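Novice:
Chains as they are written, first to last, in UniProt numbering: chain A, 1 to 250; chain B, 1 to 1136.
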């Protein structure tokens, strides 16, 4: 009868276990913490900096080394380094704290950058800086979701930010050319989608230069395409309507 | 002396002969404000006991805390010398180099200056700077050698040593003045020569005007001719005062000459001449002899002057000999209060004695009144300088303007004299501090009223409480409460309004009247810096000397009313009705039309004065953000106010949306931030390093590696970026990238080529021109014509021909005509080149040709046919150039040559619009021709080529696409094409050796010879490169020109000033973009490189550092390990 003695308990403190199930068996390797993601992204090129040991286990915490037969059956090779590389590349793991932190930080920055790129201050037509957006995001307690794309989240952030600061998506400047007979009718349909009509020229065909919300672009495109049967056209004059150049405050 | 009344000052102002406008200038901590304190104390405004400790003119809180002056402030003092009463408008100025702009504002308004030099430290950098400033503004300086007590108490010099020391200091000061003088003479000469040459050139046209004598060349440097004896400081001239402002004493030689002439029976004039210099008293002969130094005798100055002071200090401070002090006081005729004589600190007694014996204010004020010019004596040279803006000569100004010079000279306060006022800065004052808003003691009546009001309010409140109580009881509260609340709201509203009014701060202009009388409510013209009197006179109706509201708009001329006039009394302002000529004053109500500085006049003939001459230009840049993003508007408003209030600060909004503040130095920055926080914006702000822009470019493959080894050919393969090839993307070793859209209908082949440097420069310089060209092209594609001036057309033709000259060689054959577009934003320094064989499209220069008259018949129809997809390609290119693959910064100097572009559509051929058929047919035939050739080169595109349908089919598909039948799962086709072109461009870019480009400043540094080495050290540390170094003629200053990356410039000014103890002052101006030679993706590969840089080589790669910095800022992926060494992590678990 064995008595559980905590003193000789072995703690795996600096170990990140990467698991993979293959051929009905579970294989594990022991790696250093915070290193596996670097390996996967290619930043770390030295395998010895990633692996604690090059042996493959069935269970790392119990110290059970995988049998050679099982390995060669599952992986078709008995080259341990090769197998380790495979497990590293495809196995599942618990992401360590620093890895997660840097991941979240990066995507937070990324979202802020996207928002700053897409949006302007409607009063000055000038973009906000990334720093300011980051601060505003913190103010509204936005939390980054790791499983959503940054662009998606950025659009979400813009919507939420609108409540706290003066912000709007930079408008796109479009030129619409519509045949005369469809012009009137289409114009009515387009009206709600256009933010500002800058110029309008109606002689043999209707030509309009207008600012629209980038979100409506596809809708407008579709509308013009279908309604005019390809005779109307649409041209992007500028993707972002922002003030250019430096301005001296006076 | 008692407090001088306002009426007295008003009376004094009317006599310009007895007005002195002067400022106090010196290096930081040489005792300007302390001296000012003594002078202020002499007028009874502050206690003389506090003089030197209070620093009355340092009214800001941070000035008091830091102990340095940060702004120039004025005070009017009264001084009676014998029969005459003088009014002294004293301006105290800061000494710190960061605030030298404030010195400029002070100097401009003055006629004279008191230059203070520390007796211990001698001439310091700022002393030189202020002397130069005074010199440039043509004002006369007098010298005060301050802190002589330190020679006694700290350095323990004997009186003899002190004398030599003082002599040395005087020599130093005079040396600076001398060098200023020589440099001016040399400059004058250079100008004269230039003028002479100009005259000669003019003379060719008008030979009659050219005098023959000009032809004789003048070989003398002109130094001998010009008299400089008046310039130098010398005690016997009476323009030097020796003082210790902290102890409250100071004297000039005259005082001692008078004292001793009585005692010794030598004539005062003789003593005056001999008291300073190498003279000694022969006691036996009772004669003054020359050559004290050679004979080892005590000079007269030591014997008669310094020894007395030394013995006083010895008795009072060192020995504390009661009896001796008594005896001395008796002989000096000084009486000291017992309180002072019993004080434990001997300094108190000392200053009590000294301030009676040799009061510093008397000595200084007497010298000032005696030696400095009054407003009446303004030299004509100075007036001409003030009035001739830019390189214009005074004589070229209109006649009416020249007549104004007499007004200056007369400085008369007649009503007929034109009013001329110069505003040198605007400063902010709490509305509360303005005299009209000041609280007066209440009269009895008002008190009664208030009491009544309070009583009323009290009863109301009681009634309301009762009502609500009863209302609750009777459930009738609904009817009663509304009756009471509106009243309450009203009062609260009123309170709020009055509070806002109180919080509002107003600008007061710091100004001086040069001619005429300024009255309250008077209307004047405000001349902007670019105002041209000749133009103004032409446009204004004849004889409109009075300023009326209905004037034709003249550029740079505005009209405004002076709402209120103030007498500046340090922190206080006194309201005035009128201010006569020659006085310094404050003007309220100009904030609408005056920014920083301005010239005001009733005569439109007056040219604006030359801009203030700033010693330090603003170079420290920071980006400012509000703590709470919603407070942005407040910040913008605050920054605007700051800009108006600070003569040297600049604020701007950059394209990135950053609000940038540019200041002269770190201390100045700190003050600006404090001002923003507490006065102007009243919000929390944070200042950070500004975003540093970069550009991305490609270069020709380098021939040598990092250790200058020849690369040979092997590198070529390595250079090519490891792009993951997929079935849609193909890369050939020569750098051609072909990419197919996801729906496999179009394939583009793009190659990136570096543009020659000159071309990039040219394109960057002519961005505006290209934009017009682009607009014209756009208009033309729609069948409209945009009218361009012939000038623009000519400029465009020149641009084109210059491009043709620059783009030569086999590679660039016909390149200029094949330019498809510029980018990013259609006018940047990158080119999209149409190298698709056979694809004819109108080049960007097309509109030019048409303007020339070569009208092409089918141009319009053709244009409409290609418009759809041509535009997509251009858009893709624009996107690619806007953000490069390295760190999403714009590209620069890259040419993307589209070498393949084929379309094939699986759809059936459809009928075509008859109009477009022919043109587009030819177009597409040519487009589809190229794949055949491409197939020969690369197998991967074989599929595309093989499947290539007949030209007409493809063409049909194109039409079909525009008919909207091709809605596939990848979205609209034009979008796909844009993405494909963008990706292709990016990959093509990566296939070449890529480099970052850094923004560079040109940096001009003025430094003296002894700190040259340190300047080089700082430059070297910050990756700067010295371009040239030359000595300024006539001075010992060196001018160093260098380039410095913007990325390294943060803190540069501070560092260089610290390292050179302020002897070097840099100026930074953005100049150009420069390729950073190291490759950001470089890792050591050869043996030599490993040897030289080690395995990681992370020290060598500056470009990588920059790139990673940008990527990290933007949240892009940075190829960095989270943990460097896995084994070295802390291995303890949390619960242990």
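Quick reminder that beta carbons are idealized off the backbone N, C-alpha and C, glycines included.
In this text the structure is predicted, and so the values were computed from the model without any measurement.
When you compare each of B:751, B:1019, B:870 to residue 993 of chain B by their alpha carbons, which one comes out closest?
Specialist: Of B:751, B:1019, B:870, the residue nearest in Cα terms is B:751.
Novice: Could you give the residue range of the alpha helix (DSSP H) that holds residue 668 of chain B?
Specialist: Unbroken alpha helix (DSSP H) run through residue 668 of chain B: 666-675.
Novice: In chain order, what are the residue ranges of uninterrupted alpha helix (DSSP H) at least 4 long that sit wholly in the region 355-424 of chain B?
Specialist: Within the region 355-424 of chain B, the complete alpha helix (DSSP H) runs of at least 4 residues are 360-371, 380-387, 399-410.
Novice: Does any residue of chain B bring its CB to less than 7 Å from the CB of residue 228 of chain A?
Specialist: No, its Cβ sits nowhere closer than 7 Å to a Cβ of chain B.
Novice: Three Cβ pairs or more, each shorter than 8 Å: is that satisfied between the region 1078-1093 of chain B and the region 1056-1064 of chain B?
Specialist: Counting Cβ pairs under 8 Å, fewer than three are found: no touch.
Novice: Would you mind listing the alpha helix (DSSP H) stretches within the region 1073-1116 of chain B that are 4+ residues and don't spill past its ends, in chain order?
Specialist: Listed in chain order, the complete alpha helix (DSSP H) runs (minimum 4 residues) inside the region 1073-1116 of chain B are 1087-1093, 1102-1114.
Novice: Residue 798 of chain B: which of B:824, B:769, B:776 sits nearest, CA to CA?
Specialist: Looking at the Cα atoms, B:769 is the closest of the given residues.
Novice: Tell me which same chain residues have a C-beta within less than 7 Å of the C-beta of residue 182 of chain A, skipping the five on either side of it?
Specialist: 227, 228, 232.
Novice: Chain A beta carbons: is any one of them nearer than 7 Å to that of residue 629 of chain B?
Specialist: It does: the Cβ of residue 629 of chain B has a partner Cβ on chain A nearer than 7 Å.
Novice: Please go through the same chain and pick out, in chain order, the residues whose beta-carbon is closer than 7 Å to the beta-carbon of residue 239 of chain A, but skip the five residues on each side of it.
Specialist: 172.
Novice: Less than 7 Å between the beta carbons of residue 104 of chain B and residue 661 of chain B, yes or no?
Specialist: For residue 104 of chain B and residue 661 of chain B, no; Cβs fall outside 7 Å.
Novice: Taking 6 Å as the cut-off, does the CB of residue 42 of chain A come closer than this to any heavy atom belonging to the ligand COA?
Specialist: As for the ligand COA, it is missing from this structure, which has no ligand bound.
Novice: For residue 1125 of chain B, count neighbouring C-beta atoms within 10 Å of its own C-beta (all shown protein chains included) and say buried if the count is 16 or more, exposed if not.
Specialist: When all chains shown are included, residue 1125 of chain B counts as exposed.
Novice: Taking all protein chains shown into account, decide if residue 86 of chain B is buried (16 or more other Cβ within 10 angstroms of its Cβ) or exposed.
Specialist: It is buried - the Cβ of residue 86 of chain B has at least 16 other Cβ atoms within 10 Å.
Novice: Compute the beta-carbon to beta-carbon distance between residue 251 of chain B and residue 363 of chain B, rounded to the nearest angstrom, for a pair I have assumed lies under 8 Å.
Specialist: With a Cβ gap of about 5 Å, residue 251 of chain B and residue 363 of chain B count as contacting.
Novice: Please classify residue 855 of chain B: is it buried, with 16 or more other beta-carbons within 10 angstroms of its beta-carbon, or exposed?
Specialist: Legend: pLDDT at residue 855 of chain B = 39, less than 50; position of this residue unreliable, value from coordinates given subsequently. Looking at its Cβ environment, which holds fewer than 16 other Cβ atoms inside 10 Å, residue 855 of chain B is exposed.
Novice: Got a sec: is the Cβ-Cβ distance from residue 15 of chain B to anything in chain A below 7 Å?
Specialist: It does not; no Cβ of chain A falls within 7 Å.
Novice: Hey, could you find the ends of the beta strand (DSSP E) residue 282 of chain B is sitting in?
Specialist: Here the beta strand (DSSP E) through residue 282 of chain B covers 279-282.
Novice: Please report the straight-line C-alpha distance between residue 179 of chain A and residue 204 of chain A, rounded to a whole angstrom.
Specialist: In a straight line, the C-alpha of residue 179 of chain A is about 8 Å away from that of residue 204 of chain A.
Novice: So what does DSSP say about residue 15 of chain A, is it helix, strand or coil?
Specialist: DSSP places residue 15 of chain A in strand when its eight states are reduced to three.
Novice: Where does the unbroken alpha helix (DSSP H) through residue 102 of chain B begin, and where does it stop?
Specialist: First-last of the alpha helix (DSSP H) with residue 102 of chain B: 100-108.
Novice: Going by the DSSP bridge assignment, what does residue 750 of chain B pair with across the sheet?
Specialist: In DSSP, residue 750 of chain B forms a bridge with B:737, B:898.
Novice: So, using beta-carbon positions, are residue 681 of chain B and residue 635 of chain B closer together than 7 Å?
Specialist: For residue 681 of chain B and residue 635 of chain B, yes; Cβs fall inside 7 Å.
Novice: Which parts of the region 588-650 of chain B are runs of the beta strand (DSSP E), unbroken and 3 residues or longer, counting only runs that do not cross its ends?
Specialist: Listed in chain order, the complete beta strand (DSSP E) runs (minimum 3 residues) inside the region 588-650 of chain B are 598-601, 620-626.
Novice: When the Cα atoms are used, what is the spatial distance from residue 758 of chain B to residue 1082 of chain B?
Specialist: Approximately 27 Å, taken between the alpha carbons.
Novice: Mind checking if residue 128 of chain A is an interface residue toward chain B, Cβ cutoff 7 Å exclusive?
Specialist: Chain B contact via Cβ: present.
Novice: Going by beta-carbon coordinates alone, are residue 39 of chain B and residue 112 of chain B separated by less than 7 Å?
Specialist: No; because the gap between Cβ atoms is not below 7 Å, this pair is not in contact.
Novice: Does the count of Cβ pairs from the region 36-51 of chain B and the region 145-161 of chain B closer than 8 Å reach three?
Specialist: In short, these stretches do not touch, since the Cβ pair count stays below three.
Novice: How long is the line joining the alpha carbons of residue 839 of chain B and residue 815 of chain B, rounded to whole angstroms?
Specialist: Distance between the alpha carbons of residue 839 of chain B and residue 815 of chain B is about 14 Å.
Novice: Does the beta carbon of residue 113 of chain A come closer than 7 Å to any beta carbon on chain B?
Specialist: Yes, residue 113 of chain A counts as interfacial toward chain B.
Novice: Whose Cβ in chain A lies nearer than 8 Å to the Cβ of residue 656 of chain B?
Specialist: In chain order: 127, 129.
Novice: Does the count of Cβ pairs from the region 114-128 of chain B and the region 24-31 of chain B closer than 8 Å reach three?
Specialist: Enough Cβ pairs lie closer than 8 Å, so yes.
Novice: Scan the region 753-772 of chain B for residues whose Cβ lies nearer than 8 Å to a Cβ of chain A and list them as they occur along the chain.
Specialist: Going along the region 753-772 of chain B in chain order, one finds no residue with a Cβ nearer than 8 Å to chain A.
Novice: Need the endpoints of the beta strand (DSSP E) that residue 31 of chain A sits in, please.
Specialist: Note, residue 31 of chain A: beta strand (DSSP E), 25-32.
Novice: Taking C-beta pairs closer than 8 Å, name the residues in chain A that residue 1123 of chain B reaches, listed in chain order.
Specialist: Within 8 Å Cβ-Cβ: 32, 33, 34, 35, 38, 98.
Novice: Just to check my reading of the structure: residue 1038 of chain B and residue 1019 of chain B have Cβ atoms closer than 8 Å, yes? What is that Cβ distance to the nearest angstrom?
Specialist: Not quite, the Cβ-Cβ distance comes to about 13 Å (not below 8 Å), so this is no contact.
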